[in-house]
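Everything on this sheet refers to the single structure shown next.
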Amino acid sequence: GSDPRVATCRGKLQNKRSKLNQEINKELRLRAGAENLF
């Protein structure tokens, strides 16, 4: 884990994954909110 290139690659992956998770959470929250309205 001392290779900086590997670290940046892993960081980019985690960044992408966290962004995806935020999008999914937003969708789930919107869906849950919509269900509460009906």
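Converting from the sequence shown to our numbering requires adding 1 to each position, the first position being numbered 1.
Backbone N, C-alpha and C fix where the C-beta goes; we use that ideal spot for every residue, glycine too.
Euclidean distance between Cα positions of residue i and residue j
i	j	result
Q15	L21	10 Å
L31	Q23	12 Å
V7	S19	18 Å
K17	I25	12 Å
C10	L38	42 Å
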